[in-house]
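Structure first, then comments.
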Amino acid sequence: MYLILCQIGNTWSENIHEPILKKVGEALKLGTIIAAICGATEGLANFGCLDSRKHTSNSLEYIKMVCPNYKGEKFYEMGPVASGENLITALGVAPLEFAMEVLKKLDVFAPDTLHSWYNLNKTHKLEYFFQLMSSINKLTI
Numbered sequence: 015m016y017l018i019l020c021q022i023g024n025t026w027s028e029n030i031h032e033p034i035l036k037k038v039g040e041a042l043k044l045g046t047i048i049a050a051i052c053g054a055t056e057g058l059a060n061f062g063c064l065d066s067r068k069h070t071s072n073s074l075e076y077i078k079m080v081c082p083n084y085k086g087e088k089f090y091e092m093g094p095v096a097s098g099e100n101l102i103t104a105l106g107v108a109p110l111e112f113a114m115e116v117l118k119k120l121d122v123f124a125p126d127t128l129h130s131w132y133n134l135n136k137t138h139k140l141e142y143f144f145q146l147m148s149s150i151n152k153l154t155i
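Here the sequence shown is numbered in the numbering used here, starting from 15 and rising by one per residue.
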């Protein structure tokens, strides 16, 4: 399983990124997992990668304004993160939710471990640390 991670940035609409966006588009068609957050979604939108896939971005109005080639409005979902078959997109202010979806897609943790990891990082409550350690210990026994 392969993953291409397109990170936060405000230059994804610049021509310098065209070669990587072309490769990302090809990889997406081949089933590679593509994960894009914040400004990276703009590059994908402008390059046509979001035209037929469930996705989100910083706002629908904004992406339509800054991405003249964008045609994926009917696949846009309001919310911090959108995850489909092999595409994960997120708002710039949702890095934790984004990371959780990436880890889930990669099947890194058992569901209860991932849930505990997310809750610990979201709330910083000690109870979730102990849940996380307990769920990890179950895996090593």
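Built from N, CA and C at the ideal position, the CB exists for glycine as well.
Counting along the chain, Ser97 sits inside no alpha helix (DSSP H); it lies in the beta strand (DSSP E) bounded by residues 95-97.
The DSSP-derived three-state label of Thr127 is helix. For Ile77, the enclosing alpha helix (DSSP H) has its first and last residue at 74-80. If you look at Leu110, you'll find it isn't in any beta strand (DSSP E); it sits in the alpha helix (DSSP H) that goes 109-120. Its chain contains Gly86, Phe89 as the residues whose beta carbon lies nearer than 8 Å to that of Ser66, once the 5 sequence neighbours on both sides are disregarded; these appear in chain order. DSSP places Ile30 within a helical segment (H, G or I) once states are collapsed to three. If you compare the alpha carbons of Met92, Asn83, Cys63, Pro82 with that of Leu74, the shortest gap goes to Met92. A direct Cα-to-Cα measurement between Pro94 and Tyr76 gives close to 15 Å. With respect to the C-alpha of Cys81, the residue from Thr25, Phe144, Ala96, Glu141 having the closest C-alpha is Thr25.
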